[in-house]
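Chemist:
Protein chains in written order, with the working numbering: chain F, 5 to 356; chain S, 244 to 850.
1. Rank 41/F, 179/F and 237/F by C-alpha distance to the C-alpha of residue 709/S and give the top, closest one.
2. Which residues in chain F sit within 9 Å of residue 364/S, going by Cβ to Cβ distance?
3. Use the C-beta contact count for residue 12/F: other C-beta atoms within 10 angstroms, 16 or more gives buried, fewer gives exposed.
4. Can we say the stretch 660 to 679 of chain S touches the stretch 616 to 631 of chain S, given the rule of at least three CB pairs closer than 8 Å?
5. What's the call for residue 705/S, buried or exposed, on a 16-neighbour Cβ count within 10 Å?
6. Quick one: any contact between the stretch 551 to 563 of chain S and the stretch 466 to 483 of chain S, if contact means 3 or more CB pairs under 8 Å?
7. Pairs of beta-carbons, one from the stretch 498 to 516 of chain S and one from the stretch 592 to 604 of chain S, closer than 8 Å: are there three or more?
8. Any beta-carbon of chain F closer than 8 Å to the one on residue 457/S?
9. Could you tell me if residue 269/S is buried or exposed, where buried requires 16 or more neighbouring beta carbons within 10 angstroms of its beta carbon?
10. Do residue 257/F and residue 242/F have their beta-carbon atoms positioned less than 8 Å apart in this structure?
11. Which of the residues in the stretch 724 to 755 of chain S, read from start to end, lie with their CB under 9 Å from any CB of chain F?
12. How would you list, in chain order, the residues of chain F whose beta-carbon sits under 8 Å from the beta-carbon of residue 616/S?
13. Using the beta-carbon count (16 or more within 10 Å), is residue 266/S buried or exposed?
14. Going by the beta-carbon positions, is the gap between residue 253/F and residue 596/S smaller than 8 Å?
15. Could you tell me which residues DSSP pairs with residue 167/F in its beta bridges?
16. Which bits of chain S does residue 257/F rub up against, with CB to CB less than 7 Å?
17. State the Cα-Cα distance for the pair residue 429/S and residue 332/S, rounded to the nearest angstrom.
18. Where DSSP assigns a beta bridge to residue 173/F, which residues make up the other side?
19. Taking C-beta pairs closer than 7 Å, name the residues in chain F that residue 324/S reaches, listed in chain order.
20. Residues bridged to residue 57/F by DSSP?
21. Output the distance between the C-alpha atoms of residue 324/S and residue 452/S, rounded to the nearest integer angstrom.
22. Quick one: what does DSSP say residue 612/S is sitting in, helix, strand or coil?
23. Cβ of residue 88/F less than 8 Å from any chain S Cβ?
24. Please report the distance separating the alpha-carbon of residue 569/S from that of residue 587/S.
25. Hey, how far is the Cα of residue 294/F from the Cα of residue 421/S?
26. Roughly how many whole angstroms lie between the Cα atoms of residue 140/F and residue 191/F?
27. Going by the CB atoms, is the gap between residue 646/S and residue 686/S shorter than 8 Å?
28. Mind listing which residues of the stretch 210 to 237 of chain F have their C-beta closer than 7 Å to chain S's C-betas, in chain order?
29. Check whether the Cβ of residue 152/F lies closer than 8 Å to any Cβ atom in chain S.
30. What residues from chain S crowd round residue 319/F, counting only those whose CB sits closer than 8 Å?
31. So is residue 239/F buried or exposed if we call it buried at 16+ other beta carbons inside 10 Å?
32. I think residue 263/F touches residue 224/F, with their Cβ atoms under 8 Å apart; what is that distance to the nearest whole Å?
33. Of all the alpha helix (DSSP H) runs that stay within the bounds of the stretch 264 to 327 of chain S, which reach a length of 4 or more residues?
34. Go to residue 254/F, then tell me how far its beta strand (DSSP E) extends in each direction, as first and last residue.
35. Got a sec: which bits of the stretch 630 to 647 of chain S sit with their beta carbon under 8 Å from any beta carbon on chain F, in order along the chain?
36. Hey, residue 541/S and residue 489/S are a contact pair by Cβ (cut 8 Å); roughly how many whole angstroms apart?
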């Protein structure tokens with residue numbers, strides 16, 4: 005019932021506004037068209053100027069209110085360059101923004117219709133056109149130069165000593181694989197995937213797989229001040245590893261391996277102190293629409309000291325051992341067959 | 244074919260079909276209602292059909308945004324009214340995630356294609372091209388009619404998809420596979436997606452029929468004396484819009500056909516190494532990125548298909564109501580050429596983070612930022628056009644001024660996103676949402692509103708109500724900035740777009756209050772648009788009547804036609820053109836403009 009009342013009210017308001025508009029039309033006729041039009045024109049010219057002033061005040065207020073909610077300082081080297089380039093671009097575009105908007109609104113006010121003046125016939129000027137073709141072109145050239153320097157920096161090959169970690173997206177969480185003691189990720193094949201005991205389709209005939217660690221809680225552990233290279237893949241649809249605190253992201257595309265590397269400079273603990281937020285955590289946000297659970301596809305990055313990292317990794321079981329509790333040393337037999345998941349889970353149960 | 248031949252030939256078809264044999268040409272004016280208003284071949288009627296269909300879609304598309312803004316602004320509340328509209332998709336008044344994504348997808352598809360492509364260039368190319376170049380109708384009125392009816396068919400298919408059991412497509416308006424290719428990946432990838440693909444394929448046909456017609460008409464049907472350099476900038480803009488569409492829509496079509504094949508016939512164009520729904524799929528060797536290349540090869544020119552008509556109309560309106568010639572007519576045309584060419588060479592800036600070769604990315608950075616140059620030229624020319632003018636602030640002019648303001652704001656944020664080194668953080672965040680909504684959403688809408696207020700008298704022989712127009716402008720203009728300006732901040736903070744709920748995210752949950760604020764403003768703006776629709780419909784029947792042929796004191800040819808022109812536009816001879824379209828200067832008799840049809844005075848130099 006209340007719904008209908010609301011709809012009726014809305015309709016009523018519309019009719020009233022419409023009638024006011026209509027009445028103003030008759031008023032114009034009664035009071036003399038030219039006179040009213042001139043009045044309205046002046047009022048609107050003034051209103052536009054007021055709007056400009058209010059707009060500038062609003063921009064200031066908005067900035068004051070939101071600046072405290074921005075991201076904390078970038079937590080990696082390339083991120084610091086990112087922030088300075090961002091600020092530089094803000095400066096350039098900001099100047100253009102305020103100048104052109106001011107000119108637009110000022111001209112509106114200054115050159116409003118007046119019977120005392122006639123418009124100035126000014127059809128073209130090659131000099132002006134050349135000026136405002138070259139200046140933006142030069143500004144763009146500078147921004148492109150800075151941009152490409154940073155771009156090649158970010159996309160350059162990872163250093164040799166970078167830790168390699170694989171991060172695989174699936175609907176709707178992240179699977180993270182560490183290479184284990186041999187520092188080598190083993191082969192995998194999507195046809196060997198099985199949600200029961202081989203979430204990434206590790207090929208058990210490859211001995212490199214035997215010590216690989218898979219973390220299914222979406223926690224990516226990395227060492228501070230040590231470059232880490234992510235191998236990014238997807239099991240099903242396109243996802244995206246978004247790392248806002250490190251100012252980068254990269255798509256996870258099925259069938260293609262993409263990469264990303266960075267050197268974190270601030271540990272999670274340090275960042276908690278810097279931000280004064282005890283709950284602070286580096287988050288991995290999926291940035292490519294991947295289905296109904298897209299918004300909940302969350303991972304975290306734990307940046308820690310080498311000692312903490314070593315302690316953590318020592319406490320992890322390899323994925324093979326975790327799924328073969330008997331602990332028997334790797335019989336290199338193909339455990340899984342993706343076409344028969346039921347049989348596998350039975351096997352798993354019987355092994356327990 | 245001559246102008247006269249086209250019109251009588253075109254009328255023959257309609258006439259014979261409608262009234263049967265035995266009638267003659269001179270009975271044209273007694274056409275049956277169906278042939279005059281429904282299966283019409285008159286470009287002016289077809290333009291109105293596109294406009295009214297576009298308005299229908301705009302209301303629907305905007306209403307969808309209200310629903311999903313309710314979810315974003317108030318994730319913890321329930322809105323029983325939503326259940327009335329959406330049924331089980333909003334059971335208990337709470338939008339389901341599946342339908343949230345369906346609404347987001349449909350909102351994008353509808354606004355981009357059905358409103359700002361068909362509704363915008365369909366309306367104004369049809370209305371203005373023949374009237375402003377001095378032609379009795381399009382080169383092929385019949386093809387023109389087909390163009391509308393294919394659009395209508397596309398609309399029916401898309402509308403039907405809203406009601407299927409698994410819901411409409413929900414993979415985003417870009418419908419990237421594999422999400423859109425696999426039924427297991429999402430509810431919306433079922434029948435809804437098939438209907439989406441069919442609808443879009445039909446839409447491409449409509450767009451091509453229309454576009455080829457516009458190009459042919461502009462090139463071949465200009466009246467005597469109407470050289471290309473005497474065309475109003477609206478016609479230039481609509482011409483390049485059509486060129487963009489004709490060259491890029493077929494690429495989208497191929498992309499869609501391959502997707503249809505992948506979905507239904509077991510091919511692997513876009514699919515490779517996928518494990519989903521508990522099993523590994525047999526597809527190997529396809530590339531999901533291929534679709535993105537095909538899609539954005541249209542998708543980026545599409546942005547300019549949306550923008551150019553607005554640019555053309557804003558140029559015309561700014562000049563007319565400042566009583567000044569457009570500044571730098573040739574620079575305006577050259578910048579249109581520049582934008583059109585570059586529009587084809589920048590598509591991969593949507594794909595910087597797909598794992599594309601960084602070198603290739605850098606080429607696209609360069610070409611993308613290059614577009615800023617012709618865009619800047621246009622802005623400076625508009626500003627100089629109003630400089631020392633004598634500005635009349637009617638709603639059309641206000642919207643044209645608002646167009647310039649928004650185009651500047653939205654264009655500048657493009658400089659961030661076009662630079663891959665900055666895009667790598669901003670990609671797919673609210674910064675992108677804010678950017679494209681301002682520059683090609685609201686700004687294009689402002690161009691469209693300027694056009695509607697300005698040419699409404701030509702379309703319906705009546706004026707729209709000014710007071711309502713002012714209310715419409717000021718609320719929409721302020722609302723647009725209030726909605727989208729703060730979104731930039733959310734984007735800079737890395738907040739991803741297309742999220743149903745942010746409350747679980749430590750980095751984004753503190754924007755909740757801001758989201759609620761944005762949602763409230765969005766609703767106010769939505770209802771203001773309904774006020775515009777009310778004004779539009781009421782003015783068609785009740786608006787103040789037009790009493791003079793040329794109410795704005797405009798120089799172009801459409802204002803030399805009768806107040807309610809019939810099919811054929813001019814009752815007598817088509818007028819001849821002697822001068823460029825922006826001669827806003829002393830005519831020697833106390834007037835401040837000289838129409839294109841007035842011969843040059845002795846000693847007067849042509850532009």
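Where a beta carbon is used, it is the ideal one built from N, C-alpha and C, also for glycine. Owing to the predicted nature of the structure, the values given are computational and were not obtained by experimental measurement.
Modeler: So, from the data block:
1. Taking the second chain and counting its residues from 1, one reaches residue 709/S at position 466. Checked all of 41/F, 179/F and 237/F; the closest Cα to residue 709/S is 41/F.
2. Sequence index remark: in the second chain, residue 364/S carries index 121 (1-based). Neighbours of residue 364/S on chain F: none; closest Cβ ~26 Å, over 9 Å.
3. Along the first chain, one-based indexing puts residue 12/F at 8. Residue 12/F should be labelled exposed.
4. no
5. Taking the second chain and counting its residues from 1, one reaches residue 705/S at position 462. Classification for residue 705/S: buried.
6. yes
7. no
8. Sequence index remark: in the second chain, residue 457/S carries index 214 (1-based). Taking Cβ atoms only, chain F never reaches closer than 8 Å to residue 457/S, which makes this a no.
9. Residue 269/S sits at position 26 when you count from the first residue of the second chain. Residue confidence is low: residue 269/S scores 47 on pLDDT, short of 50, so the model does not pin down where it sits. Its coordinate-derived value is still stated next. When all chains shown are included, residue 269/S counts as exposed.
10. Stepping through the first chain from its first residue, residue 242/F is reached at position 238. Stepping through the first chain from its first residue, residue 257/F is reached at position 253. In this structure, residue 257/F lies closer than 8 Å to residue 242/F by Cβ.
11. 724, 725, 728, 729, 732, 733, 735, 736, 737, 738, 739, 740, 741, 742, 743, 744, 745, 747, 748, 749, 750, 751, 753 and 754
12. The residue you call residue 616/S lines up with position 373 of the second chain. Simply 137, 140, 141 and 144.
13. Here residue 266/S corresponds to residue number 23 of the second chain, with the count starting at 1. In this predicted model, residue 266/S has a pLDDT of only 43, less than 50, meaning its place in the structure is not dependable; the value taken from the coordinates is given anyway. When all chains shown are included, residue 266/S counts as exposed.
14. As a first step, residue 253/F must be located in the first chain, where it is residue number 249. As a first step, residue 596/S must be located in the second chain, where it is residue number 353. In this structure, residue 596/S lies closer than 8 Å to residue 253/F by Cβ.
15. For this step, residue 167/F is matched to residue 163 along the first chain. DSSP, once it has assigned bridges, lists 232/F as partnering residue 167/F.
16. Position 253 of the first chain, counting from 1, holds the residue named residue 257/F. Near residue 257/F (Cβ distances below 7 Å), the residues of chain S are 531, 532, 597 and 598.
17. Residue numbering aside, residue 429/S sits at position 186 when the second chain is read from its first letter. Residue numbering aside, residue 332/S sits at position 89 when the second chain is read from its first letter. Approximately 15 Å between the Cα atoms of the pair.
18. Counted from its first residue, the first chain places residue 173/F at position 169. Beta-bridge pairing links residue 173/F to 178/F and 238/F.
19. Counting from one through the second chain, the residue named residue 324/S turns up at place 81. What residue 324/S touches in chain F: 7.
20. In the first chain, counting from the first residue as 1, residue 57/F sits at position 53. Answer is none; residue 57/F lacks a bridge partner.
21. By one-based count along the second chain, residue 324/S stands at place 81. By one-based count along the second chain, residue 452/S stands at place 209. In a straight line, the C-alpha of residue 324/S is about 41 Å away from that of residue 452/S.
22. Sequence index remark: in the second chain, residue 612/S carries index 369 (1-based). Three-state DSSP puts residue 612/S in a helix.
23. Here residue 88/F is taken as the residue at index 84 of the first chain, counted from 1. No - not a single Cβ of chain S is within 8 Å of the one on residue 88/F.
24. The residue you call residue 569/S lines up with position 326 of the second chain. The residue you call residue 587/S lines up with position 344 of the second chain. Roughly 27 Å separates the two Cα atoms.
25. Position 290 of the first chain holds residue 294/F. Position 178 of the second chain holds residue 421/S. Cα to Cα, the separation comes out at about 9 Å.
26. Position 136 of the first chain, counting from 1, holds the residue named residue 140/F. Position 187 of the first chain, counting from 1, holds the residue named residue 191/F. Distance between the alpha carbons of residue 140/F and residue 191/F is about 51 Å.
27. By one-based count along the second chain, residue 686/S stands at place 443. By one-based count along the second chain, residue 646/S stands at place 403. For residue 686/S and residue 646/S, yes; Cβs fall inside 8 Å.
28. none
29. Reading the first chain from its first residue, position 148 is the one you call residue 152/F. With 8 Å as the cut-off, residue 152/F counts as an interface residue toward chain S.
30. The residue you call residue 319/F lines up with position 315 of the first chain. Near residue 319/F there are no residues of chain S at all, since even the closest Cβ is about 25 Å away, more than 8 Å.
31. For this step, residue 239/F is matched to residue 235 along the first chain. Buried, by the Cβ-count rule.
32. Within the first chain, the letter at position 259 stands for residue 263/F. Within the first chain, the letter at position 220 stands for residue 224/F. Not confirmed; about 14 Å, so no contact.
33. 286 to 316
34. Here residue 254/F refers to the residue found at position 250 when the first chain is read from its first residue. Note, residue 254/F: beta strand (DSSP E), 252 to 256.
35. 630, 631, 632, 633, 634, 635, 636, 641, 644 and 647
36. The residue labelled residue 541/S in the question sits at position 298 within the second chain. The residue labelled residue 489/S in the question sits at position 246 within the second chain. Incorrect: roughly 11 Å between the Cβ atoms, too far for contact.
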